[in-house]
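Just so you know, we're using the working numbering here: the sequence shown kicks off at 9 and counts up by one. Every residue, glycine too, gets a C-beta built ideally from N, C-alpha and C.
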Amino acid sequence: MSMKITDQLSRPLKDLRISIMDQCNFRCTYCMPKEVFGKDYVFMKEEELLSFSEIVRTAEQFARLGVNKLRITGGEPLLRKNASLLIRELHDIPGIDDIALTTNGVLLPKFAMDLKKAGLKRVNVSLDALDTAVFQEMSGRKTKAEIVLRGIDAALEAGLGVKVNMVVKRGLNEQEVIPMARYCKERGVMLRFIEFMDVGQTNGWDYSKVVSKKELYDAVSEIGSLQPIDPYYFGEVASRYRYEDSDVQVGFISSVTETFCGTCTRARLSADGKIFTCLFSEEGIDLKQDLRVGKTDEFLFTKIKEVWEKRSDRYSELRTAESSKNRKKIEMSYIGG
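Now the structure itself:
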């Protein structure tokens, strides 16, 4: 039986996003720009990462506190060896009824079936363009979008749910909004547009590069009228719509122009075992040391409970251009999206 806890703004703890790897095979401009994360960049050593048993033990305590949804992230989480074994163990935790994984899709043809068998319900695939030149500029690699599309096909064939996430950055890929919307509508998968966010210190964020939800909505409406859909649950980050002539949905994650801090139910666990209570946090609370010196489950449970109950984060509601520059935020590749 799980406990129900809330933070200082009466927000419950329902979701845990678990980063299992800080490395990635892409160098997306808004997450791991190649100018910063180059050949000489030092990533975490294997012993610095939480082991699967440490991740599971931590997730068990979160489940006792009301978490029922897990999202596995990175970096690129499928670069971590035997990720499906972790999914299987997490799937067996009492109270956990939804496990998803965020990926760039490249490795899905190899792993999709194993992930499905292990208990994964859904993948969120990052894809920012279909045009080769734009895709390569966004991803920082010479890979073609077709490789990601093959990953989407593999996930669907394995029986996994698929959502496609597209970060839109003005001056770079806004011309791809309608082609992406058409592709996803025809393929029958949900496309979620994500406003360019000021996560971390290295992605060159500027408000002028943000393409707003309203602009995106107006663009997508050109290929079909949209009908709003009520949220499935408290804390859902995307505003969802359905095409009038289809069951296919499209979503908008607008953490810049239409913030949703007031319903945020998400905690994050970094690959090296720190708890973060906001995507825009400056620092986390370490659990790895507690795990490795033999602290009890009750100690971990109480520590996590106290962290959440003290939480008062609402960065996106308070963001200004000046505050974004002055705040030293952790990188998305470190904490996971």
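| query | result |
| --- | --- |
| Quick one: which unbroken alpha helix (DSSP H) runs of 4-plus residues sit fully inside the stretch 171-223? Chain order, please. | 185-195 |
| My parser needs the alpha helix (DSSP H) runs of 4 or more residues fully inside the stretch 295-328; what are they? | 296-300, 305-317, 323-326 |
| Where do the N-terminal and C-terminal ends of the beta strand (DSSP E) with Q235 fall, by residue? | 234-236 |
| How many Å lie between G148 and M198 at the Cα? | 25 Å |
| Using beta-carbon positions only, say whether L180 and V156 come within less than 8 Å of one another. | no |
| If the criterion is Cβ atoms closer than 8 Å, does the pair I231 and I186 meet it? | yes |
| What does the Cβ neighbour count give for R300, buried or exposed, with the cut at 16 atoms within 10 Å? | exposed |
| Given 8 Å as the limit, is there contact between the stretch 280-289 and the stretch 226-244, that is, 3 or more CB pairs closer than that? | no |
| Should E68 be labelled buried (16 or more other beta-carbon atoms within 10 Å of its own) or exposed? | buried |
| Could you check the C-alpha separation between E330 and K217 for me, to the nearest Å? | Per-residue confidence for E330 stands at a pLDDT of 49, beneath the threshold of 50, marking its modelled position as unreliable; the derived number appears in the next sentence. Cα-Cα distance, rounded: 15 Å. |
| Quick one: complete beta strand (DSSP E) runs, 3+ long, within the stretch 65-99? | 77-81 |
| So, under 8 Å CB-CB, R130 and G169 are touching, yes? Tell me the CB distance rounded to an integer number of Å. | 4 Å |
| State the Cα-Cα distance for the pair P20 and K150, rounded to the nearest angstrom. | 42 Å |
| If you measure between the beta carbons of S254 and K193, is that distance less than 8 Å? | yes |
| Could you tell me whether the Cβ atoms of L87 and F119 are closer together than 8 Å? | no |
| In whole angstroms, give me the CA-to-CA distance for K318 and R190. | 44 Å |
| My output table needs one value for V264: the three-state DSSP class, helix, strand or coil. | coil |
| In the DSSP output, which residue or residues are listed as bridge partners for N132? | T110, K171 |
| From F70, Y49, T37, pick the residue whose C-alpha is nearest to that of F307; which is it? | F70 |
| Identify the continuous alpha helix (DSSP H) that holds G164 and give its terminal residues. | Residue identity differs from the one stated: residue 164 is Leu in this sequence, not Gly. Here the alpha helix (DSSP H) through L164 covers 153-165. |
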